[in-house]
Amino acid sequence: MPRPPKHSELIESIYDAGLNPELWDDVVVMLNAFIGSRACGLISKDPVSKNGATHHYCGVDPHYIRLYSETYAQYDPLARLPRYGEVRNIPDLVNFDEYRRGRFYQEWLRPQGCVDVANVVLEQSKSSCPILLTVIPGKEMLNAEKRARMQMLVPHASRALMINRAIERKQQRAIALADVVDRLNAGVILLDASCYIVHSNPAAETILAADDFLRSVSGRLMARSSEANQALRDIFRDAGEVAVAAASGQKIPLISHDGSYYVAQVIALPSLLRDGAAERSSAVGALFVWKAELDGRSCTGLLDRTFALTPAELKVLQSIVEVGGVPETAVALGIAETTVKTHLHRVFAKTGVSRQADLVKLAAGFSNPLVH
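In our numbering, the protein residues as written are 382 to 753.
Structure representation (structure tokens):
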């Protein structure tokens with residue numbers, strides 16, 4: 382049996398596992414040595430179905446772990462879970478003589494040379510399958526010393542598991558956010574303090590692959606314009622500069638070889654994404670990059686639903702936005718100018734604007750540069 386760890390050493394290891402769940406296997410071995418038990422584990426237990434899952438354990442043959450999960454969990458007397466933090470062994474909950482005649486003892490515990498099991502619930506939440514610390518004392522019953530040692534561990538193991546849960550929730554949100562970002566048609570590029578690319582979504586990769594107004598040079602973002610390039614270096618040198626630029630709504634104008642205009646907007650990142658966004662470095666901010674154009678396709682449908690436009694009115698609005706004034710719209714749609722004016726006045730009445738220029742501004746407000 383391993384040397385029983387010092388109390389301070391054990392508590393430190395428990396909180397290390399709270400930050401890194403992969404350490405729980407080693408911590409359970411330390412818990413077992415500290416308590417002085419034959420076996421120890423962290424399990425989750427459903428008191429209704431009596432199903433259980435063993436997450437980390439030591440001192441039990443895997444064959445018996447499998448048998449417990451497949452068959453004997455339903456016969457476990459400790460399926461009646463105590464309240465949070467209360468250490469309970471089998472005689473605390475059931476008649477011990479009846480228990481020794483039952484299948485759990487006769488077929489599962491006795492063949493392992495053991496007589497007793499003790500549990501303590503480590504989660505205060507309303508989880509249907511709370512995490513428990515389970516201990517098999519060995520050939521003897523749980524004594525007062527082992528019970529006290531289990532009790533001593535409860536607040537620390539409980540807090541460590543809470544930390545695990547909190548980190549897991551944040552990671553899940555970060556993964557979900559990354560999935561959303563990757564689905565955007567606007568380019569999203571996360572940069573570190575030296576403008577090295579930490580992450581780019583598929584739309585940004587398409588922009589970089591064109592090797593035009595933005596490019597990746599050995600993993601570092603470069604702009605074709607020297608002014609834009611300097612602006613990137615100045616802004617992304619640290620998270621503070623990024624926060625200032627983002628708060629002011631700073632955008633960097635970009636021009637492609639064919640004369641098309643693009644906009645790169647500076648976005649500050651929450652600390653969860655900055656810290657550990659990549660192994661080699663941390664992202665300090667992001668760029669959202671999109672083409673500077675009014676996309677009638679992305680706004681007319683929303684304008685239609687918002688202002689209850691008829692199909693004819695919607696066509697006129699879209700033509701005014703994309704083609705030009707009344708004469709141009711009449712030619713584009715193959716209708717009389719008087720008809721265009723009739724529909725246009727109805728659009729004015731429904732949208733509350735009175736000039737074509739204001740109508741274009743309204744459409745621009747409904748245009749989404751992120752989704753085409």
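Each residue gets a CB set at the ideal place from its N, CA and C atoms; glycine is no exception.
In terms of DSSP beta bridges, what is Cys-439 paired with? Cys-421
Report the rounded CA-to-CA distance for Pro-536 versus Arg-461, giving the unit in angstroms. 21 Å
Express the C-alpha separation of Ala-557 and Val-665 in angstroms, rounding to a whole number. 20 Å
For Asp-406 and His-444, believed in contact at Cβ under 8 Å, the rounded distance: That belief does not hold up - the Cβ atoms of His-444 and Asp-406 are roughly 18 Å apart, past 8 Å.
According to DSSP, what are the bridge partners of Ile-395? DSSP output for Ile-395 lists no bridge partner at all.
Starting from the C-beta of Ala-585, find all residues in its chain whose C-beta is less than 7 Å away, skip the five residues before and the five after it, and write them out in chain order. Gly-568, Val-569, Ile-570, Val-670
With C-beta atoms as the reference, is Ile-517 less than 9 Å away from Val-501? no
Does DSSP put Ala-454 in a helix, a strand or coil? helix
Going along the chain, which residues of its own chain have a beta-carbon closer than 6 Å to the beta-carbon of Ser-539, five neighbours each way excluded? Leu-503
Is it buried or exposed, Ala-658, if we count other Cβ atoms within 10 angstroms and call 16 or more buried? Low local confidence applies: a pLDDT of 40 at Ala-658 is under 50, so the model's placement there is unreliable, and no value is given.
Count the CB pairs spanning the region 577-594 and the region 633-649 that are closer than 8 Å, and state whether there are at least three. yes
Only counting runs of 4 or more residues, tell me where the alpha helix (DSSP H) segments fall wholly within the region 573-599, in order along the chain. 583-590
Contact defined as beta carbons within less than 8 Å: I believe Ile-395 pairs with Val-408. What is the distance between those atoms, to the nearest angstrom? 6 Å
Is it a yes or a no for the region 600-608 touching the region 694-705, going by three-plus beta-carbon pairs under 8 Å? no
DSSP three-state label for Ile-716, please. coil
I'd like the span of the beta strand (DSSP E) that includes Met-603, first residue to last. 601-604
Nearest by alpha-carbon distance to Thr-452: which of Gly-440, Asn-470, Ser-430, Arg-469 is it? Ser-430
Residue from Glu-694, Ala-434, Arg-469 whose Cα sits closest to the Cα of Gln-455: Ala-434
Can you list, in chain order, the stretches of the beta strand (DSSP E) that have 3 or more residues and sit fully within the region 480-512? 499-502
Where Ala-645 sits in the DSSP three-state scheme: strand
Length of the line joining the Cα atoms of Gly-640 and Asn-401: 51 Å
Beta strand (DSSP E) segment containing Ala-667, residue limits: 666-672
Am I right that Leu-740 and Val-728 are in contact with their C-beta atoms under 8 Å? What's the rounded C-beta distance? 7 Å
Over what stretch of residues does the alpha helix (DSSP H) that includes Leu-650 continue unbroken? Premise fails: Leu-650 is in no alpha helix (DSSP H) and is neither H nor E.
Which one of Phe-617, His-726, Pro-458, Ile-392 has the shortest CA to CA distance from Leu-777? Nothing can be reported for residue 777: it is not among the residues displayed for the chain, which extend from 382 to 753.
Between the CA atoms of Gly-466 and Lys-426 - distance to the nearest angstrom: 15 Å
Pull up the distance between the alpha-carbon of Gly-519 and that of Ser-581, whole angstroms please. 55 Å
From the DSSP output, in three-state form, read off Ala-434 for me. strand
So which of Glu-622, Tyr-643, Arg-484, Asn-470 has the shortest CA-CA distance to Lys-672? Tyr-643
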